[in-house]
Every structure is written in C-alpha cells, then in structure tokens.
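Novice:
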Amino acid sequence: MNAKLSKQIEKLNDLIGPKLQLLKMKWLQLQPREQQLVGLMGAFIAILVLFTMVTSIISFNRNLSQYVNNLFKFSVYSKQAANTYKSINKIEANSFNQANLEQVKGDVSQVLKIKDPDILIQDGQMTVNVPNAEFTQVMALLEQFRRSYGIFPSQVNIVRQTRTGFVSFNATFWIKQ
Numbered sequence: 031m032n033a034k035l036s037k038q039i040e041k042l043n044d045l046i047g048p049k050l051q052l053l054k055m056k057w058l059q060l061q062p063r064e065q066q067l068v069g070l071m072g073a074f075i076a077i078l079v080l081f082t083m084v085t086s087i088i089s090f091n092r093n094l095s096q097y098v099n100n101l102f103k104f105s106v107y108s109k110q111a112a113n114t115y116k117s118i119n120k121i122e123a124n125s126f127n128q129a130n131l132e133q134v135k136g137d138v139s140q141v142l143k144i145k146d147p148d149i150l151i152q153d154g155q156m157t158v159n160v161p162n163a164e165f166t167q168v169m170a171l172l173e174q175f176r177r178s179y180g181i182f183p184s185q186v187n188i189v190r191q192t193r194t195g196f197v198s199f200n201a202t203f204w205i206k207q
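Here the working numbering is used: position 25 in the sequence shown is 55, and no number is missing along the way.
1. Using DSSP with H/G/I as helix, E/B as strand and the rest coil, what is N124?
2. Under 8 Å, do V160 and L172 count as touching if we go by C-beta distance?
3. For T214 versus S184, is the C-beta distance shorter than 8 Å?
4. By Cβ distance, which residues of its chain are closer than 7 Å to A170, with the 5 residues on each side in sequence left out?
5. So E164 and F196 are in contact, right, with Cβ under 8 Å, and what is the actual spacing, rounded?
6. So, is V84 buried or exposed, given that buried needs 16 or more other C-beta atoms within 10 angstroms?
7. For R190, does the three-state DSSP call read helix, strand or coil?
8. On a Cα-Cα basis, can you pick out the residue from L45, N130, Q191, K145 that is closest to T157?
9. When the Cα atoms are used, what is the spatial distance from L101 to T82?
10. Provide the residue(s) that pair with D148 in DSSP beta bridges, ordered along the chain.
11. Use the C-beta contact count for F90: other C-beta atoms within 10 angstroms, 16 or more gives buried, fewer gives exposed.
12. Determine the closest residue to D146 out of E132, G154, Q128, T114, with distance taken between C-alpha atoms.
13. Determine the DSSP secondary structure at W204, reduced to helix, strand or coil.
14. Buried or exposed for V134, please, with buried defined as at least 16 other CB atoms from any protein chain shown within 10 angstroms of its CB.
15. What does the Cβ neighbour count give for V79, buried or exposed, with the cut at 16 atoms within 10 Å?
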C-alpha cells in the first residue's frame, strides 16, 4: 500500500515540480511591494474560498434538517391517517342510531319541509322518494342521514325540475333493523 502511495507521490512531484520551480522563479523576480500585493490577493482568495465552503456546509445542514423535519411531520401525519383509517374501518354501516320509520320521517319533514314524505323501510332497505324539493335541502338531508344514522345512499337518482333549484329525489339506503 505504501509503495503504491509513494509511486503516486513521485508521479505528482514529477508533474508539479517543474511548475513549482517556475512559480518560485516568478515570485523571486517580483518586487517586495508586488510580493505583498500578490500575498494579500492570495490570502483574500483563500478566505473567500473558505467562507464559501463554510456557508455551503451550513446551508446544506439547514436544508437537511428541514428535510428531516418534513419527513418527521409526514410520518406523524401518516400515523394519524392510519389510525383514523383503522378507527373508521372498524365502524360498521349504521352503527350509530337505528333508523326507524317515524324518526326518519321526522328528519325528512324537518329538513325538506314536507308534511308527509314517501319513505319505505323493508328488507333492510330504506327508500326515500321526494317529488319536489330544493337541491340544497336534499344535500342537507343526505348529510343529516350520514351524521345521525351513519348511512350513505347505495343508489341515488336526482332529476332537475323546471323550477330553478328544485329537483326530484329518490334514494335507497341499506340499514340494519
């Protein structure tokens, strides 16, 4: 190992040696005042290179710590999302409240402002038919079903009416009885 290293050093010495000799000759030909100016310029360049190296290392360190911090935040967010998914995945459909006919009719009447809504609960399915209601109220009703009973429509049919903002609404929900 040392033999290879010493051969490399000799090769470098053979390549650089003549150039260093030429540089020494030029240095000796300079006046003392010129030698001082060249020395100051060399020191300034060395300090500038050192400053650039130090600032780039500091900048790299800052960027690296910001990257690690972002990875940590993403890791925490991913763990929270995984826990949320696990908790949501454990919830079965309609594990909130049992949907009974009178309660659902009351919700539909209140949200859609209809006196006698057409609602049928049969064989684990609930069907809601509303011939004429405001679209925003229909969306509010779907949100009410989600919040109160934890149910989502398995089939929805919404048809726009001639009157602006009004629709006919038909939806089927799977429910537990």
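All C-beta atoms in this analysis are idealised placements derived from N, C-alpha and C, irrespective of residue type, glycine included.
Specialist: Here's the rundown:
1. Here the question's residue 124 lines up with position 94 in the sequence shown. At N124, the pLDDT of 47 sits below 50, so the modelled position is not reliable; the number obtained from the coordinates is stated separately. Coil.
2. Here residue 160 refers to the residue found at position 130 when the sequence shown is read from its first residue. Here residue 172 refers to the residue found at position 142 when the sequence shown is read from its first residue. With respect to the 8 Å criterion, V160 and L172 are not classified as neighbours on the basis of their beta carbons.
3. There is simply no residue 214 to check, as the chain begins at 31 and stops at 207 in what is shown.
4. Working through the sequence shown from its first residue, we reach residue 170 at position 140. Sequence-distant Cβ neighbours of A170 in its own chain, meaning closer than 7 Å and more than five residues away, are V141.
5. Position 134 of the sequence shown, counted from the first residue, corresponds to residue 164. Position 166 of the sequence shown, counted from the first residue, corresponds to residue 196. With a contact defined as Cβ atoms closer than 8 Å, E164 and F196 qualify at about 6 Å.
6. Here the question's residue 84 lines up with position 54 in the sequence shown. Classification of V84: exposed, given that the 10 Å Cβ count is below 16.
7. Reading the sequence shown from its first residue, position 160 is the one you call residue 190. In the three-state scheme derived from DSSP, where H, G and I count as helix and E and B as strand, R190 is classed as strand.
8. Taking the sequence shown and counting its residues from 1, the one referred to as residue 157 is at position 127. Distance check between T157 and each of L45, N130, Q191, K145 places N130 closest, using alpha-carbon atoms only.
9. Locating residue 101 in the sequence shown gives position 71, where the first residue counts as 1. Locating residue 82 in the sequence shown gives position 52, where the first residue counts as 1. The straight-line gap from Cα to Cα measures roughly 28 Å.
10. Reading the sequence shown from its first residue, position 118 is the one you call residue 148. The partner list for D148 (beta bridge, DSSP) reads N159.
11. Counted from its first residue, the sequence shown places residue 90 at position 60. The residue in question, F90, is exposed, as its Cβ has fewer than 16 Cβ neighbours within 10 Å.
12. Here the question's residue 146 lines up with position 116 in the sequence shown. Cα-wise, what sits closest to D146 is E132.
13. Sequence index remark: in the sequence shown, residue 204 carries index 174 (1-based). In the structure shown, W204 sits in a strand (DSSP, three-state: E or B).
14. Counting from 1 along the sequence shown, the entry for residue 134 is found at position 104. Buried, because 16 or more other Cβ atoms sit within 10 Å of the Cβ of V134.
15. In the sequence shown, the residue the question calls residue 79 occupies position 49. Per the 10 Å Cβ criterion, exposed.
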